[in-house]
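To start, the structure itself, in structure tokens.
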Amino acid sequence: MLGNWSFGDYYKKEAITWAWQLLTEVWKLPKGRIWATYFKDELDQIPEDVEAAEIWLKQPGFDPTHLLPFGRKDNFWEMADTGPCGPDTEIHYDRGPDFCNMKDDPNHVCGVNGECERFLEIWNNVFIQYNRLSPTELVPLEKKHVDTGMGFERIVSILQDVSSNYKTDLFMPLIRRVQELTGQSDAEREANLTPYRVIADHARATSFLIADGVVPGNIGRNYVCRMLVRRAARFGMKLDLHKPFMAEVAQVVIAEYGDFYPELKKNAPAILDNLTREEKQFQKTVNTGLEYLNELLADLKQSKKSLLDGRLAFDLYATHGLPLEITRDIAQEQGMDVDTQGFQEAMEAHRLASGAGREFGDMGGDDVEIYAQLVEELTTTNKLGPKGVQYNPYEAVNDPVEVLALLSKGQPVTTAGVGDPIEVLLPKTGFYVESGGQVSDTGQIVGADGKDWVIQITGMRKPAAGVIVHIGKVVKGQPKVGDLAKVIVDMERRKATMRNHTATHLLHAALHEVLGDHARQAGSLVAPDRLRFDFNHPQPMTREEVLDVEARVNKAILANYPLHIVEKSLQEAIDEGAMALFGEKYGAEVRTITIGEETAYSYELCGGTHVDETGDIGLFLITYEGSIAAGVRRIEAVTGWQAYELARERMNILDHTNHFLGTSPAETLPKMKSLMESLSAADKEIEKLRTQLVAGAFDEQLANTETIEGIPVLRIMLPNADMEALREMADKFRQKNPSGVALLASDLDGKPVLLAVVTDDLVKRGLHAGNLVKQVAQVVGGGGGGHPTLAQAGGKDPSKLAEALDQVPVYIKTNLK
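In terms of the numbering used here, the sequence shown opens at residue 27 and continues consecutively.
Structure, rendered in structure tokens:
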């Protein structure tokens with residue numbers, strides 16, 4: 027983008043005059059092909075930019091008929107609801123009638139800001155002269171500014187007299203190199219323009235990015251670079267380019283642009299190396315990712331949905347390296363889209379979980395230095411031991427402990443009051459800190475020795491080495507640094523979490539028994555109200571497999587196996603067959619959890635909290651099994667009281683269903699199947715009768731065909747007709763009337779439905795079904811459009827359907843030639 031700016035110096039006269047001189051005197055563009063627009067408010071609330079219009083009319087050789095006013099959408103610039111803003115003048119170039127791509131539309135008229143490609147906007151001069159204080163209040167700025175932008179590739183395409191930016195000498199050398207790599211003919215290249223253009227554009231962009239030090243990566247601008255490389259590689263596959271090729275195209279970028287941008291030549295090795303490495307990395311996983319994406323899209327189609335879950339899209343990126351933009355490209359090619367907000371939320375959750383800003387259970391954050399300094403001071407005064415806070419979540423802390431530090435909003439404080447968010451540092455704690463999928467404990471820290479204050483603890487974290495912090499809010503009194511306090515863990519919540527944690531170990535073992543040893547843990551969440559367990563498995567579990575796993579876990583619960591917790595060396599545990607999780611970091615000494623006696627049902631390394639015996643879990647119910655990534659499945663489940671409540675809820679539903687159907691539990695399913703079959707048959711019969719009724723009503727109303735401007739016109743309302751029925755009636759109308767217009771309307775379940783028909787001969791005389799139905803639909807608060815001979819629309823207000831039908835003769839009389 028080219029531009030020039032003025033801050034309180036030159037203004038409209040100079041900006042417009044210089045633009046005209048550059049275009050017509052320096053570049054010698056034909057004056058008769060240049061058009062200009064200026065601002066005229068369609069709401070008459072902002073003054074018309076008469077000054078800009080008058081300046082244009084004074085330019086030598088400017089055609090006054092080529093000056094056009096436009097409203098806020100096209101000719102008023104604002105960057106926000108409030109702040110600097112102002113009118114603009116746009117410069118458009120008429121490339122000639124051959125550039126119109128809507129010649130088949132008899133109603134189309136080429137024009138500036140129109141729908142075809144004939145007129146090309148090349149320059150925009152924004153005159154920032156107002157400050158918007160509110161949606162209705164503008165005040166003039168003391169100093170006026172000019173901000174312009176001109177499309178570089180666009181002006182080059184005009185100067186070189188080519189039909190597209192991509193046919194300029196800025197892109198054609200790159201496109202020819204891609205063609206050499208593919209071995210395609212010119213005709214084949216023209217048939218595959220999009221891949222060629224994407225590769226050329228992205229090769230140029232990434233070459234400049236890498237030259238400026240922005241290499242492919244996961245965050246911010248590095249992610250943009252990675253996305254561009256991978257998107258180009260994916261389009262290369264469409265041209266049968268399955269080996270790294272971007273470096274080949276980048277060499278042309280360097281050769282063509284390097285004299286003007288020496289950083290390209292200087293950084294050529296880095297550009298070529300980064301492009302090749304990124305393509306190779308992408309190719310390792312892309313085929314699996316594309317297969318998985320196509321499976322997901324096929325599932326969406328089958329379920330008649332059109333939006334891919336953003337979490338799945340993020341997993342395609344995190345696991346297979348498919349950037350959101352590639353996933354969206356492929357989805358849109360198949361008529362679907364991606365939940366981008368869900369993708370961003372999943373990415374943020376991943377960022378937090380990986381340590382960049384994680385709230386609980388991980389080191390890091392803006393206050394690392396503050397806590398590190400605190401620990402140093404407290405260690406020096408012997409208030410903390412050399413290893414920092416004593417952490418033992420497996421035993422209660424019964425003795426009072428001293429409040430060593432309080433932090434509020436990241437800063438140390440000596441005291442806090444009711445309602446204050448606070449972080450508390452104690453010399454030792456029995457609160458569990460989130461780790462290994464198990465969430466942090468909650469509870470209270472209360473004043474001891476007559477100190478009447480309470481801090482409600484909602485979470486825990488490790489901001490620095492040796493530091494464990496309690497996160498909470500003061501709910502009573504005024505805690506102070508130096509006070510003695512008691513630590514009270516919410517044991518009911520802890521016990522519920524323990525039930526779920528031990529259940530994940532049983533679940534892991536059961537999955538091995540049913541699916542095989544490959545079904546290894548890939549992630550987990552252990553909370554008091556539920557558990558989530560991710561595991562490796564290439565396909566969906568069958569219902570029988572899910573029930574088998576659930577039954578095996580419950581058998582282990584009923585067996586009331588004892589749990590044995592032993593600390594030993596990592597090597598000893600591994601030699602004994604303890605299950606260790608890939609990616610987890612273990613010290614030289616580890617904590618092992620054995621479930622069972624002589625022959626262990628489960629043996630894993632784990633630092634979490636657990637029940638004493640499996641019978642303490644009570645009951646285990648699986649609530650969900652599904653895919654979260656290629657080759658990774660997820661099971662969600664509940665235990666204990668939550669499992670009882672779920673079972674009771676389902677039994678209540680069954681009891682109510684039995685009562686409603688008048689059946690016993692054993693008879694319920696056959697009865698429901700019978701009812702569904704009867705209902706389906708009834709629906710078909712109803713649809714058949716509805717079609718017959720609509721057809722009968724239509725046949726009766728065919729007699730109401732009127733003559734308007736010498737042509738047969740039918741505008742009627744049909745009862746309870748859906749769009750399919752209206753289309754059938756439209757076919758009947760055309761059979762009876764080789765020449766004519768019909769507007770068929772219906773109130774379908776409180777929603778207006780409209781269908782317009784125009785025969786071919788009347789299209790040639792200026793009528794258009796899409797324009798007709800659009801005009802009619804506006805009356806009922808809707809919109810629509812379509813083909814010149816057949817178009818449909820919907821609306822909101824069925825009470826105005828009769829009034830809407832009155833628009834038919836108005837449209838015909840206005841547009842019939």
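Note that CB positions come from ideal geometry on N, CA and C, so glycine has one too.
Own chain residues within Cβ distance below 7 Å of E735, not counting five before or after | Position 709 of the sequence shown, counting from 1, holds the residue named residue 735. Counting only residues of its own chain and dropping the five nearest sequence neighbours on each side, E735 has a CB closer than 7 Å to the CB of I838, K839, L842.
- To the nearest angstrom, report how far apart A830 and A782 are at their CA atoms. Residue mapping note: residue 830 aligns to position 804 of the sequence shown, counting from 1. Residue mapping note: residue 782 aligns to position 756 of the sequence shown, counting from 1. Distance between A830 and A782, taken at the CA atoms: about 12 Å.
Given that a residue counts as buried once 16 or more other Cβ atoms are within 10 Å of its Cβ, and exposed if not, what is V784?
Locating residue 784 in the sequence shown gives position 758, counting from the first residue. Around the CB of V784, 16 or more other CB atoms lie within 10 Å, so the residue is classed as buried.
Between which two residues does the alpha helix (DSSP H) harbouring E796 extend? On the sequence shown, residue 796 is found 770 positions in, with the first residue counted as 1. Residue 796 is actually Gly in this sequence, not Glu. Counting along the chain, G796 sits inside the alpha helix (DSSP H) bounded by residues 795-805.
Handout entry: Sequence-distant residues of its chain with Cβ nearer than 8 Å to F608 (five each side left out)
Key = Here the question's residue 608 lines up with position 582 in the sequence shown. With a pLDDT of 46 at F608, under the threshold of 50, the predicted position of this residue should be treated as unreliable, though the coordinate-derived value follows. Excluding positions up to five away in sequence, the list reads R546.
* Kindly list the residues whose CB is nearer than 8 Å to the CB of G542, restricted to its own chain and excluding five residues on each side of it in sequence; keep chain order. => Position 516 of the sequence shown, counting from 1, holds the residue named residue 542. Non-local C-beta neighbours of G542 in its own chain, meaning closer than 8 Å and more than five positions away in sequence, are absent.
**Asked** Is M743 helix, strand or coil when you go by DSSP?
**Response** For the purposes of this step, residue 743 is taken as the residue at position 717 of the sequence shown. Judged by DSSP in its simplified three-state form, M743 adopts strand.
Just list the residues that DSSP pairs P778 with in beta bridges.
Here residue 778 corresponds to residue number 752 of the sequence shown, with the count starting at 1. Partner(s): D773.
inquiry  = Do P412 and E428 count as a contact pair if the criterion is CB distance below 9 Å?
reply    = Numbered from its first residue, the sequence shown carries residue 428 at position 402. Numbered from its first residue, the sequence shown carries residue 412 at position 386. Their beta carbons are not under 9 Å apart, which means E428 does not touch P412 by this criterion.
Exercise. State the Cα-Cα distance for the pair V579 and H534, rounded to the nearest angstrom.
Key: What you label residue 579 is simply residue 553 of the sequence shown in a count that begins at 1. What you label residue 534 is simply residue 508 of the sequence shown in a count that begins at 1. Looking at the two C-alpha atoms, the distance is approximately 9 Å.
**Request:** Can you tell me the Cβ-Cβ gap for Q360 and L400, rounded? I've got them flagged as a contact below 8 Å.
**Result:** Indexing the sequence shown from 1 puts residue 360 at position 334. Indexing the sequence shown from 1 puts residue 400 at position 374. Cβ-Cβ separation between Q360 and L400: approximately 56 Å, too far for a contact (criterion under 8 Å).
Less than 9 Å between the C-beta atoms of G641 and L584, yes or no?
The residue given as residue 641 occupies position 615 in the sequence shown. The residue given as residue 584 occupies position 558 in the sequence shown. The answer is yes: Cβ separation under 9 Å.
Q.
Mapping the DSSP letters down to three states, classify D173 as helix, strand or coil.
A. For the purposes of this step, residue 173 is taken as residue 147 along the sequence shown, with counting starting at 1. If DSSP states are grouped into helix, strand and coil, D173 belongs with the strands.
| message | Given a cut-off of 9 Å on the beta-carbon distance, is the pair Y629 and T620 in contact? | response | The count along the sequence shown starts at 1 and reaches residue 629 at position 603. The count along the sequence shown starts at 1 and reaches residue 620 at position 594. Taking C-beta atoms as the reference points, Y629 and T620 count as a pair closer than 9 Å.
Under 9 Å between the Cβ atoms of A339 and H376?
Working through the sequence shown from its first residue, we reach residue 339 at position 313. Working through the sequence shown from its first residue, we reach residue 376 at position 350. Contact: no.
(Q) Let's test the definition: count the other Cβ atoms within 10 Å of the Cβ of A213 and tell me whether it reaches 16, buried, or not, exposed. (A) Within the sequence shown, residue 213 is the residue found at index 187, counting from 1. That one is exposed.
_Residues sharing a beta bridge with E428, DSSP_ = Sequence index remark: in the sequence shown, residue 428 carries index 402 (1-based). DSSP, once it has assigned bridges, lists L510 as partnering E428.
Review point. Per the contact definition of three or more C-beta pairs closer than 8 Å, is the region 509-518 in contact with the region 468-482?
Key: At 8 Å Cβ cutoff, the stretches touch.
Q: Taking only the alpha-carbon atoms, compute the straight-line gap between Y37 and I297 and give it to the nearest angstrom.
A: Here residue 37 refers to the residue found at position 11 when the sequence shown is read from its first residue. Here residue 297 refers to the residue found at position 271 when the sequence shown is read from its first residue. Roughly 42 Å between the two C-alpha positions.
Straight-line Cα distance separating A431 from M373: Position 347 of the sequence shown, counted from the start, is the residue given in the question as residue 373. Position 405 of the sequence shown, counted from the start, is the residue given in the question as residue 431. Looking at the two C-alpha atoms, the distance is approximately 34 Å.
Quiz prompt | Reference E304, options P505, A721, K269, closest by Cα | solution = In the sequence shown, the residue the question calls residue 304 occupies position 278. With distances taken between Cα atoms, E304 lies closest to K269.
Checklist entry - What three-state label does DSSP hand C251 in the structure shown? => result On the sequence shown, position 225 is the one that residue 251 refers to. Helix.
### Where G485 falls, given that 16 or more other Cβ within 10 Å makes a residue buried
For the purposes of this step, residue 485 is identified with residue 459 of the sequence shown, where counting begins at 1. Buried, by the Cβ-count rule.
Between the beta-carbon of L9 and the beta-carbon of I236, is there less than 9 Å? Residue 9 falls outside the range modelled here, since the chain spans only 27 to 843, and no answer is possible.
With distance defined between alpha-carbon atoms, name the residue in W53, D130, P123, E168 nearest to D35.
Locating residue 35 in the sequence shown gives position 9, where the first residue counts as 1. Here the closest residue by C-alpha is E168.
Tell me, please, which residues DSSP counts as bridged to W103. Within the sequence shown, numbered from 1, the residue matching residue 103 stands at position 77. DSSP lists G112 as partners of W103.
Quiz prompt | As assigned by DSSP and simplified to three states, the class of L765 | solution = For the purposes of this step, residue 765 is taken as residue 739 along the sequence shown, with counting starting at 1. One point to set straight first is that residue 765 is Ser, not Leu, in the sequence displayed. In this structure, S765 counts as coil in the three-state DSSP scheme.
Within the region 536-573, ranges of the beta strand (DSSP E) (whole runs, at least 3 residues): Counting only runs of 3 or more, we get 547-552, 557-562.
- Message: Quick check on the DSSP output: what are the complete alpha helix (DSSP H) runs of length 4 or more inside the region 288-335, in order along the chain?
- Response: 288-292, 294-328, all fully within the region 288-335.
key: Cα-Cα separation, A708 to M698   = As a working note, residue 708 is residue 682 in the sequence shown. As a working note, residue 698 is residue 672 in the sequence shown. Cα to Cα, A708 sits roughly 15 Å from M698.
- Alpha-carbon to alpha-carbon, L28 and W53: Mapped onto the sequence shown, residue 53 falls at position 27. Mapped onto the sequence shown, residue 28 falls at position 2. Per the coordinates, the alpha-carbon of W53 lies some 15 Å from the alpha-carbon of L28.
(message) Can you confirm whether the region 433-441 touches the region 521-528 when touching is taken to mean that 3 or more C-beta pairs between the two stretches lie within less than 8 Å?
(response) They do not touch, by the three-pair rule.
### Task
May I have the straight-line CA-CA distance separating I497 from Q416, to the nearest angstrom?
Here residue 497 refers to the residue found at position 471 of the sequence shown. Here residue 416 refers to the residue found at position 390 of the sequence shown. Here the C-alpha atom of I497 lies approximately 17 Å from the C-alpha atom of Q416.
Applying the 10 Å Cβ sphere with the 16-neighbour rule, what's the burial state of D227?
As a first step, residue 227 is located in the sequence shown; it is residue number 201 there, counting from the start. D227 is buried by the Cβ-count criterion.
task = Assess, as a yes-or-no matter, whether the region 794-809 is touched by the region 765-775 under the definition of 3 or more beta carbon pairs within less than 8 Å.
result = Verdict: yes, contact present.
| Minimum C-alpha distance to L94 - residue among F686, W82, P86 | In the sequence shown, residue 94 corresponds to position 68, counting from 1. Residue nearest to L94 within the set F686, W82, P86 is W82 (criterion: CA-CA distance).
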